[in-house]
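Participant: Per the numbering used here, residue 19 is the first one in the sequence shown, and the count goes up by one each step.
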Amino acid sequence: PDRALALPEPPKEASLARIMRHYARGEAFAARGQAAQVLAESRAIAKIKASDKNGPPAASMGKMAAKILEGRALMLQGKPARAAKAFEQAAKIQENTFRYAFDPPPWWYPVRRSVAAAKLQAGDHAGAADEAKRTLEVWPGDGLAMRVLSEAERKAGDAGAADRHLAQARGLWRGDLDAVALSRI
């Protein structure tokens, strides 16, 4: 987080770089549990005037990044149902703008897994499982989506499926899978 927060502001004409700097700062504040600062970075992104012409879709990336940070802030504030809605908006942007259009994909993770994590935190276990499965259709090796699926299955009473999916998640993830908070997925 310290390195992300120390990044200097790029020039005004570098809108995508400015968006990504604020996004990185928002994720750094989220790692520290500072919801107000995460929301401030989301709002800073929303103010950046970006264009999708002549390069990567900066305007779409900005809208998506702002919604992801809004969702992160809401998760930290204990409002997972509202977070799920913000993540859903970001996931739709990702799917409608970037799906199949770029290789490698321009965004670093499948945003739909954040929808799944928020629904799980909100107690919507069936919805969380559905969102995790949707994620895994497009990103089959996503260990965090697999973990959310496992937790949703366990909460729904399907221990066998939960154990299988958790074992798969552990095989896909490097590090302590259990240490990743739902608010950071």
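Beta carbons: idealized from backbone N, C-alpha and C, even for Gly. Since we're looking at a predicted model, the values are computed, not measured.
Are the stretch 146–153 and the stretch 164–174 touching by the rule of at least three beta carbon pairs closer than 8 Å?
Facilitator: Yes: the two stretches touch, three or more of their Cβ pairs being nearer than 8 Å.
Participant: So what's Gly-208 in DSSP terms, helix, strand or just coil?
Facilitator: Because the chain spans 19 through 203 in this model, residue 208 falls outside it and cannot be assessed.
Participant: For Ser-60, count the other beta carbons within 10 Å of its own beta carbon; 16 or more makes it buried, fewer makes it exposed. Which is it?
Facilitator: Numbered from its first residue, the sequence shown carries residue 60 at position 42. Buried: at least 16 other Cβ atoms inside 10 Å.
Participant: What is the DSSP secondary structure of Pro-123, reduced to helix, strand or coil?
Facilitator: As a working mapping, residue 123 is identified with position 105 in the sequence shown. Of the three classes helix, strand and coil, the one that applies to Pro-123 here is coil, per DSSP.
Participant: Does DSSP put Arg-192 in a helix, in a strand, or in coil?
Facilitator: For the purposes of this step, residue 192 is taken as residue 174 along the sequence shown, with counting starting at 1. Of the three classes helix, strand and coil, the one that applies to Arg-192 here is coil, per DSSP.
Participant: What does the alpha-carbon distance come out to for the pair Pro-28 and Arg-182?
Facilitator: As a working mapping, residue 28 is identified with position 10 in the sequence shown. As a working mapping, residue 182 is identified with position 164 in the sequence shown. Cα-Cα distance, rounded: 46 Å.
Participant: Measuring straight from C-alpha to C-alpha, what distance separates Phe-17 and Lys-110?
Facilitator: The structure shown does not extend to residue 17, since the chain is modelled only from 19 through 203, so no value can be given for it.
Participant: Between which two residues does the alpha helix (DSSP H) holding Pro-98 run?
Facilitator: As a first step, residue 98 is located in the sequence shown; it is residue number 80 there, counting from the start. Note, Pro-98: alpha helix (DSSP H), 98–111.
Participant: Can you tell me which of the three DSSP states Ser-69 falls into?
Facilitator: Numbered from 1 along the sequence shown, position 51 holds the residue referred to as residue 69. Coil, per DSSP.
Participant: State the start and end residues of the unbroken alpha helix (DSSP H) segment that holds Arg-36.
Facilitator: As a position in the sequence shown, residue 36 is number 18, starting the count at 1. Its alpha helix (DSSP H) spans residues 33–50.
Participant: Go ahead and label Lys-137 buried or exposed: buried means 16 or more other beta carbons lie within 10 angstroms of its beta carbon, across all protein chains shown.
Facilitator: As a working mapping, residue 137 is identified with position 119 in the sequence shown. Buried is the call here.
Participant: In whole angstroms, what is the alpha-carbon distance linking Lys-67 and Lys-81?
Facilitator: In the sequence shown, counting from the first residue as 1, residue 67 sits at position 49. In the sequence shown, counting from the first residue as 1, residue 81 sits at position 63. Taking the straight line joining both Cα atoms gives about 11 Å.
Participant: With burial defined as no fewer than 16 other Cβ atoms inside 10 Å of the residue's Cβ, what is the status of Lys-20: buried or exposed?
Facilitator: By 1-based counting over the sequence shown, the position of residue 20 is 2. Position check: residue 20 holds Asp in this sequence, whereas Lys was assumed. It counts as exposed.
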